[in-house]
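Novice:
Numbering (our numbering), first residue to last: 818 to 1065.
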């Protein structure tokens, strides 16, 4: 796939365009992401700190790092990364997400470079980043393998990609679709397509084929009793996250 060819799926973009105004409502259509955000941030910050030798107890520990949040939505990850000192580019193919993200960042006094663009367009523009976040986006693109390869192109040598998605099995269908969309109604019906979910083995193969070296994987596990998310070394049965590095 050439850089000019987009991995954007117009039908998937339309779903998120319809929900754009609700990004910062913790009780709205993005409630699952708000609930998951603390554990996502814990994983992301620890991986970045470990890879780049940063001390998270210091002010602005990510200062000097350029970070891309691809599929940034309303900025739920971009904002904390900016607060930690990173120079953040938030990119999203859904045009309506960008004004929402910009206004919220301005209200928080944060300087974030939000753009209505695609990963492929950033490659054409010769952009390069120390860190690429591809969180909860792989299952929404038209060609995951090409998308991962594009993310690699956007990394500087020695750069870190963190990607999360949803496993494809009976449990994930029950949890992510039947539970989250049909029963709990956390998300509109049709937000996810089970056939587009990706197993960890498939994603690791795509990461390796793209020329990245996988360095870590964890599960994001929801406990219905405590109503909280946690990281798991073993349970990647539904939501999971990976970290991989581009050769220096």
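The beta-carbon is built from N, C-alpha and C at its ideal position, and this holds for glycine as well.
So, are the CB atoms of residue 1052 and residue 864 less than 8 Å apart?
Specialist: no
Novice: Tell me the DSSP secondary structure of residue 843 in three-state form.
Specialist: coil
Novice: Could you tell me whether the Cβ atoms of residue 948 and residue 967 are closer together than 8 Å?
Specialist: no
Novice: For residue 1028, which of 1045, 994, 974 and 992 has the nearest alpha-carbon?
Specialist: Selected option, being the one with the closest Cα: 974.
Novice: Tell me the rounded alpha-carbon separation between residue 907 and residue 995.
Specialist: 31 Å
Novice: Within 10 angstroms of its Cβ, does residue 1023 collect 16 or more other Cβ (buried), or is it exposed?
Specialist: buried
Novice: Specify, as a first and last residue, the run of the beta strand (DSSP E) that residue 978 falls within.
Specialist: 972–983
Novice: Could you check the C-alpha separation between residue 946 and residue 886 for me, to the nearest Å?
Specialist: 10 Å
Novice: In the structure shown, what three-state DSSP assignment does residue 871 receive?
Specialist: coil
Novice: I need the boundaries of the alpha helix (DSSP H) containing residue 1025, first residue and last residue.
Specialist: Segment 1017–1026, the alpha helix (DSSP H) holding residue 1025.
Novice: Would you give the residue range spanned by the alpha helix (DSSP H) that residue 939 belongs to?
Specialist: 936–941
Novice: What would DSSP say about residue 954, mapped onto helix, strand or coil?
Specialist: In the three-state scheme derived from DSSP, where H, G and I count as helix and E and B as strand, residue 954 is classed as coil.
Novice: Using 10 angstroms around the beta-carbon of residue 936, count the other beta-carbons present and answer buried if the total reaches 16, otherwise exposed.
Specialist: buried
Novice: Tell me the rounded alpha-carbon separation between residue 950 and residue 1040.
Specialist: 25 Å
Novice: State the CB to CB distance for the pair residue 883 and residue 952, rounded to an integer number of angstroms; the pair is presumed to be in contact (CB under 8 Å).
Specialist: Their Cβ separation, rounded to whole angstroms, is 17 Å, which puts residue 883 and residue 952 out of contact at 8 Å.
Novice: Can you tell me where the alpha helix (DSSP H) with residue 914 in it begins and where it stops?
Specialist: 914–924
Novice: Start and end of the beta strand (DSSP E) containing residue 932?
Specialist: Per DSSP, residue 932 belongs to the beta strand (DSSP E) from 930–933.
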